[in-house]
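I have placed the structure first, in the form of structure tokens, so that the comments after it can refer back to it.
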Amino acid sequence: MIAVRNVTSGYDQSMVLHSLSMEVREGQIVAVLGRNGVGKSTLLKTIIGLLPAKQGDICFNQTFVQNEKAETRARTGIAYVPQGRDIFSSLTVRDNLLLGEEPLPKKERTGQVKEEIFQWFPVLKEMLDRKGGDLSGGQQQQLVIARALMGNPKIILLDEPMEGIQPSIIELIRQVIVEISRKKDISVVLVEHSLENALTCADYLYVIDRGTVVDHGKADEETACRFERHLTV
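The number in the numbering used here is simply the position in the sequence shown, starting from 1, with 72 added.
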């Protein structure tokens with residue numbers, strides 16, 4: 073599905089990622105963990121194309137995409153949900169969702185919110201005509217994930233989607249992540265600071281330190297025990 077090979081990336085002349093490699097298979101949920109500032113968000117921005125890969129390759133569905141613009145990568149099926157609930161506050165929930173169709177070819181855009189969106193996030197159906205800025209933090213988080221899913225992605229990059237929201241919404245998001253993976257074969261790259269949250273839904277774990285992968289393995293207790301020393305301050 074997607075392979076990141078020896079990628080170096082960062083901001084201007086300051087490199088954050090150093091020869092980082094990882095891969096995600098079709099329908100697999102991969103969690104990326106690490107302390108603050110080690111390069112987790114930089115990795116997602118580099119995969120989607122918001123930051124250039126200075127070195128290395130990014131291969132998506134057997135096509136090298138590291139030199140493509142972010143919008144081109146989005147059209148190939150890579151969706152990105154950044155940290156911070158990046159919604160359009162003045163637009164309605166409906167219009168926010170319909171913007172998610174932009175990566176699709178025009179003939180595939182329906183101008184209608186897909187019913188499965190409401191199956192995953194029922195609260196959004198009740199709020200279609202509300203302004204995005206009027207939603208609570210947890211509702212906005214559901215909205216940005218739903219908007220990404222409107223584009224029928226093959227893989228979705230989620231940057232700490234469970235951060236700062238109530239436990240019931242964390243559980244809902246966890247259930248949606250598992251369902252889209254198992255039932256729709258959508259791959260998920262989940263950046264998480266919580267090992268506990270990652271273990272509840274991920275198939276495979278990577279831990280990053282100082283911009284490179286320092287350990288990886290199946291999402292089980294044995295791997296979790298190894299990861300602890302890289303995650304404690």
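We put the beta carbon where it would ideally sit given N, CA and C, even for glycine. As the structure is a computational prediction, the values presented were derived from the model and not from experiment.
Residue i to residue j span [Cα, whole Å]
i: residue 292; j: residue 216; result: 29 Å
i: residue 80; j: residue 118; result: 9 Å
i: residue 271; j: residue 182; result: 36 Å
i: residue 86; j: residue 281; result: 16 Å
i: residue 114; j: residue 203; result: 30 Å
i: residue 173; j: residue 192; result: 17 Å
i: residue 91; j: residue 284; result: 7 Å
i: residue 151; j: residue 301; result: 31 Å
i: residue 190; j: residue 210; result: 15 Å
i: residue 126; j: residue 228; result: 23 Å
i: residue 121; j: residue 130; result: 10 Å
i: residue 109; j: residue 235; result: 16 Å
i: residue 180; j: residue 107; result: 41 Å
i: residue 286; j: residue 239; result: 30 Å
Check whether residue i and residue j have beta carbons under 7 Å apart
i: residue 261; j: residue 96; result: yes
i: residue 276; j: residue 102; result: yes
i: residue 155; j: residue 231; result: yes
i: residue 82; j: residue 88; result: yes
i: residue 219; j: residue 168; result: yes
Neighbourhood of residue i by C-beta distance below 6 Å, restricted to the same chain and skipping five residues each side
i: residue 254; result: none
Sheet register partners of residue i (DSSP bridge)
i: residue 127; result: 80
i: residue 98; result: DSSP, once it has assigned bridges, lists no residue as partnering residue 98.
i: residue 91; result: Looking at the DSSP assignment, residue 91 forms no beta bridge with any residue, so it has no partner.
Proximity test, residue i beta-carbon vs the ligand MN heavy atom, cut-off 6 Å
i: residue 286; result: The ligand MN is not among the ligands present in this structure, which contains no ligands whatsoever.
Close beta carbons around residue i, own chain, < 8 Å, minus the five adjacent residues each side
i: residue 250; result: 101 and 273
i: residue 289; result: 276, 277, 295 and 298
7 Å CB neighbourhood of residue i in its chain, flanking five on each side removed
i: residue 175; result: 146, 147 and 223
request  = For the region 160-217, list the alpha helix (DSSP H) runs that are entirely contained and at least 4 residues long, ordered along the chain.
outcome  = 165-170, 187-192 and 194-198
inquiry  = Which runs of the alpha helix (DSSP H) at least 4 residues long sit entirely within the region 221-297? Give them in chain order.
reply    = 239-256 and 267-271
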